[in-house]
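Asks: Supplied in structure tokens, the structure appears directly below.
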Amino acid sequence: MNRRTATSEIEARGMRLPRRKGAASMIRELSVTVNGVTHEINTRVNRTLFQLIKEDLHLVGTKDGCRQGVCGSCTVLVEGVPVRSCLTLAVRCEGKHVTTIEGLKENGQLHPLQQAFIDEGAVQCGFCTPGMLISAAAFLRENSNPTEEEVREALIGNLCRCTGYARIVRAVMSLGNENR
Amino acid sequence: MSEAIEKDPRVSLPAFDYRVPQTVDEAIALLGEYGDDAILMAGGLTVMLLLRERLIQPRVVISLSNIGALNGVDVNGDCRIGAMTRHSDIVVSRVLRESVPLLCDACGRVGSPAIRNMGTLGGSVSQGDGASDTAPALLALNAEAVAVGPDGERRIPLSGFFQDVFTTALLDQEILTSLRVPTPAYGTRTKFFKYTCTSAEAFAAVTVAITFVPSEDGSCKDIRIGLGSVAPTPIRATQAEDLLRGQKATPELIAEVAAAAAAATDPPSDGQGSADYRREMTRVWVRRLLEETVIN
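For the protein sequence lines, the chains are A and V, in the order given.
The first sequence maps to residues 968 to 1147 in the numbering used here.
The second sequence maps to residues 4 to 299 in the numbering used here.
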């Protein structure tokens, strides 16, 4: 018999399942390095990296936007690579290095990208900003002299409802130009 | 405050146990032990969404993250791509860019950078999503899925793999371990386009992937057209292909082929466009891509 994927079960059922009585997740010991500091944390396995960052480590910069991986406001770096903390299990970060927006500073100074966002007025409500900076910082490390189109493509996973993106793109481009 | 957040079903996930097998055989044994109470997790994107929305409630999540055999890309005649290879890895793989640039193009249009860093090719293919960005390219490349179950290994041509809405040919205890892509014939030209109407990282209105092999006289020796987001499953427009195969590609014939490709679709009407619109866009983009392919 063919295995129907989980999603085809949804098509079949079309509704949410009630809570299973008495269910509790197993607990795992976790060692994870966040912004250069290693933490030993006991966590239930059904918790997300986002919950670990906010609830266990009280780092409030990472934002809870859509919980679906679309908006990008939860974006952090794991081993230097941008991922959605809302869709990452905490236990999958065992032994890994995580960088949140709080870890973007260099030697107590704002990251050049953070300064550029200030200089260009690229922040309005600020909700998208941490995720935007994380994504842009990782992008610039891979492409230090991008075209505007490349910047816009790199940030398609970070939604902003305030700025219309123009000043954000300008801020990222301003760092590229310095290398020309 | 945090207690209220904990009880909000959309932050928390339902309870489950978590197993991390080290080998494919261990994973298959776990599937055998737990059956319908277990779900495999590859990149995690799909499973996390389903868990969060309480659309599934497995007792056990079986993570494939530590199975080394599911990683790796090698090109030895054909391309072998481990199922847990992330889309972002495929985009930057030099050996894959040399052999099967069409797949690299397709992987480069999956979601957004963070999504590509998390999602895997095998996880995505085994979903059987009709809106898959990569499946049309894999179909156009004549790829095979390699599945391993209690009875051993099985090769499944992708042309027969996608059977119904989110339903693939994978059996209950099988795990997709790799994708095999034959090296395209010398001189093959490929084109990929994901047409989105809402935003760049959204699902497509239509995705078109074409491989075209020219004969010495410039006519069409072989052609494969993969289409996504315009049917319950990813499809190949085989009747459209048959019109062009062996023929000289005149503008009139290309227009016929494009119309035949559109006729092969059965698009949904949803946020990415109405069925009529997507059928018409299939015709437009197949025509445009074929015209680009045929002109030297």
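Ideal Cβ positions, reconstructed from N, Cα and C, are used throughout, including at glycine.
Tell me which residues share the same chain as GLY276 of chain V and place their Cβ nearer than 6 Å to its Cβ, disregarding the 5 neighbours each side in the sequence.
Replies: Your numbering for residue 276 of chain V matches position 273 in the second sequence. The residues are CYS200, ALA208.
Asks: What residues in the region 1033 to 1047 of chain A have a beta carbon less than 8 Å from any beta carbon of chain V?
Replies: ARG1034, GLN1035, GLY1036, VAL1037, GLY1039, THR1042
Asks: Is the distance from the Cβ of PRO237 of chain V to the Cβ of ASP132 of chain V below 9 Å?
Replies: Counting from one through the second sequence, the residue named residue 237 of chain V turns up at place 234. Counting from one through the second sequence, the residue named residue 132 of chain V turns up at place 129. In contact: PRO237 of chain V and ASP132 of chain V (Cβ atoms closer than 9 Å).
Asks: Counting only Cβ pairs nearer than 9 Å, list the residues of chain A close to LEU48 of chain V.
Replies: Numbered from 1 along the second sequence, position 45 holds the residue referred to as residue 48 of chain V. Correct list: GLY1036, ARG1051, LEU1054.
Asks: With the cut-off set at 9 Å, would you say MET44 of chain V and THR1055 of chain A are in Cβ contact?
Replies: What you label residue 44 of chain V is simply residue 41 of the second sequence in a count that begins at 1. What you label residue 1055 of chain A is simply residue 88 of the first sequence in a count that begins at 1. No. Outside cutoff.
Asks: Using the Cβ count rule (16 or more neighbours within 10 Å means buried), how would you classify ASP92 of chain V?
Replies: By one-based count along the second sequence, residue 92 of chain V stands at place 89. Buried, by the Cβ-count rule.
Asks: Using 9 Å as the limit for Cβ to Cβ distance, is MET51 of chain V near chain A?
Replies: As a position in the second sequence, residue 51 of chain V is number 48, starting the count at 1. At least one chain A Cβ lies under 9 Å of MET51 of chain V.
Asks: Roughly how far, in whole angstroms, is the beta-carbon of LEU247 of chain V from the beta-carbon of ILE226 of chain V, given that I think they are within contact range, below 8 Å?
Replies: For this step, residue 247 of chain V is matched to residue 244 along the second sequence. For this step, residue 226 of chain V is matched to residue 223 along the second sequence. 5 Å between Cβ atoms; contact.
Asks: Under the rule that 16 or more other beta-carbon atoms within 10 Å means buried, what is ARG97 of chain V, buried or exposed?
Replies: Sequence index remark: in the second sequence, residue 97 of chain V carries index 94 (1-based). Counting Cβ neighbours within 10 Å, ARG97 of chain V comes out exposed, since fewer than 16 surround it.
Asks: Answer with buried or exposed for ARG89 of chain V, where buried requires no fewer than 16 other C-beta atoms within 10 angstroms of its C-beta.
Replies: The count along the second sequence starts at 1 and reaches residue 89 of chain V at position 86. Result: buried.
Asks: According to DSSP, what are the bridge partners of ARG183 of chain V?
Replies: Position 180 of the second sequence, counting from 1, holds the residue named residue 183 of chain V. Its beta-bridge partners are V:ARG83, V:GLU147.
Asks: ASN120 of chain V by DSSP, collapsed to three states: which one?
Replies: Here residue 120 of chain V refers to the residue found at position 117 of the second sequence. Correct three-state label for ASN120 of chain V: helix.
Asks: Just tell me which of V:THR49, V:ARG62, V:VAL14 has its CA closest to the CA of GLY989 of chain A.
Replies: Position 22 of the first sequence, counting from 1, holds the residue named residue 989 of chain A. It is V:ARG62 whose Cα lies nearest to the Cα of GLY989 of chain A.
Asks: Comparing the C-beta of MET1140 of chain A with each C-beta of chain V, is any distance below 9 Å?
Replies: Locating residue 1140 of chain A in the first sequence gives position 173, where the first residue counts as 1. Taking Cβ atoms only, chain V never reaches closer than 9 Å to MET1140 of chain A, which makes this a no.
Asks: Hey, is PHE19 of chain V's beta-carbon within less than 9 Å of any beta-carbon in chain A?
Replies: As a first step, residue 19 of chain V is located in the second sequence; it is residue number 16 there, counting from the start. For PHE19 of chain V, the answer is yes, since a Cβ of chain A falls inside 9 Å of its Cβ.
Asks: Can the beta-carbon of ARG41 of chain V be found closer than 9 Å to that of VAL64 of chain V?
Replies: The residue given as residue 41 of chain V occupies position 38 in the second sequence. The residue given as residue 64 of chain V occupies position 61 in the second sequence. First, the residue type needs correcting, since residue 41 of chain V is Ala and not Arg in the sequence shown. Contact flag set, yes.
Asks: Please go through the same chain and pick out, in chain order, the residues whose beta-carbon is closer than 6 Å to the beta-carbon of GLY1070 of chain A, but skip the five residues on each side of it.
Replies: Numbered from its first residue, the first sequence carries residue 1070 of chain A at position 103. Once the five neighbours on either side are set aside, the close Cβ partners of GLY1070 of chain A are ASN1002.
Asks: Rounded to whole angstroms, what is the Cα-Cα separation between ASN1087 of chain A and LEU48 of chain V?
Replies: Taking the first residue of the first sequence as 1, we reach residue 1087 of chain A at position 120. Taking the first residue of the second sequence as 1, we reach residue 48 of chain V at position 45. The sequence shown places Glu at residue 1087 of chain A, rather than the Asn named in the question. GLU1087 of chain A and LEU48 of chain V: Cα-Cα distance of roughly 34 Å.
Asks: Are the region 1094 to 1101 of chain A and the region 1027 to 1039 of chain A in contact at 8 Å, needing three or more beta carbon pairs?
Replies: yes
Asks: Mind checking which residues open and close the alpha helix (DSSP H) that includes HIS90 of chain V?
Replies: Position 87 of the second sequence, counting from 1, holds the residue named residue 90 of chain V. HIS90 of chain V -> alpha helix (DSSP H) spans 90 to 95.
Asks: What is the DSSP secondary structure of PRO217 of chain V, counted as helix, strand or coil?
Replies: Here residue 217 of chain V refers to the residue found at position 214 of the second sequence. Residue state, collapsed to three classes: strand.
Asks: Just list the residues that DSSP pairs GLY2 of chain V with in beta bridges.
Replies: There is simply no residue 2 of chain V to check, as chain V begins at 4 and stops at 299 in what is shown.
Asks: Identify every run of the beta strand (DSSP E) within the region 151 to 183 of chain V, keeping only runs that are complete inside it and at least 3 residues long; order them along the chain.
Replies: 155 to 160, 165 to 167, 170 to 174
Asks: Is ARG1108 of chain A close to chain V? Criterion is C-beta to C-beta, closer than 9 Å.
Replies: What you label residue 1108 of chain A is simply residue 141 of the first sequence in a count that begins at 1. So no, ARG1108 of chain A is outside the interface.
Asks: Alpha helix (DSSP H) containing ILE1101 of chain A: first to last residue?
Replies: Position 134 of the first sequence, counted from the start, is the residue given in the question as residue 1101 of chain A. Taken as a continuous stretch (DSSP letters only), the alpha helix (DSSP H) holding ILE1101 of chain A covers 1096 to 1109.
Asks: Does ASN120 of chain V have its Cβ less than 9 Å from a Cβ in chain A?
Replies: What you label residue 120 of chain V is simply residue 117 of the second sequence in a count that begins at 1. At a cut-off of 9 Å between C-beta atoms, ASN120 of chain V counts as an interface residue with respect to chain A.
Asks: Considering only the beta carbon of each residue, do VAL151 of chain V and VAL289 of chain V sit closer than 9 Å?
Replies: To locate residue 151 of chain V, count along the second sequence from 1; it is residue 148. To locate residue 289 of chain V, count along the second sequence from 1; it is residue 286. No. Outside cutoff.
Asks: With a 10 Å radius around its C-beta and 16 neighbouring C-beta atoms as the bar for buried, classify VAL95 of chain V as buried or exposed.
Replies: Sequence index remark: in the second sequence, residue 95 of chain V carries index 92 (1-based). Residue environment for VAL95 of chain V: exposed (fewer than 16 other C-beta atoms within 10 angstroms of its C-beta).
Asks: Residues in the same chain with beta-carbon distance under 6 Å from MET968 of chain A, minus the five sequence neighbours each way, listed in chain order, please.
Replies: Sequence index remark: in the first sequence, residue 968 of chain A carries index 1 (1-based). Only weak support is given to the placement of MET968 of chain A: the predicted model assigns it a pLDDT of 39, under 50, and the value that follows is read from those uncertain coordinates. Cβ within range, chain order: n/a, list empty.
Asks: Considering only residues of the same chain and omitting the five flanking positions on each side of VAL78 of chain V, which have a CB-CB separation below 6 Å?
Replies: Taking the second sequence and counting its residues from 1, one reaches residue 78 of chain V at position 75. Excluding sequence neighbours, VAL78 of chain V sits near VAL98, SER102.
Asks: Going by Cα to Cα distance, which pick from V:ILE118, V:ASP245, V:VAL128 is closest to GLY163 of chain V?
Replies: For the purposes of this step, residue 163 of chain V is taken as the residue at position 160 of the second sequence. Comparing Cα-Cα distances from GLY163 of chain V to each of V:ILE118, V:ASP245, V:VAL128, the minimum goes to V:VAL128.
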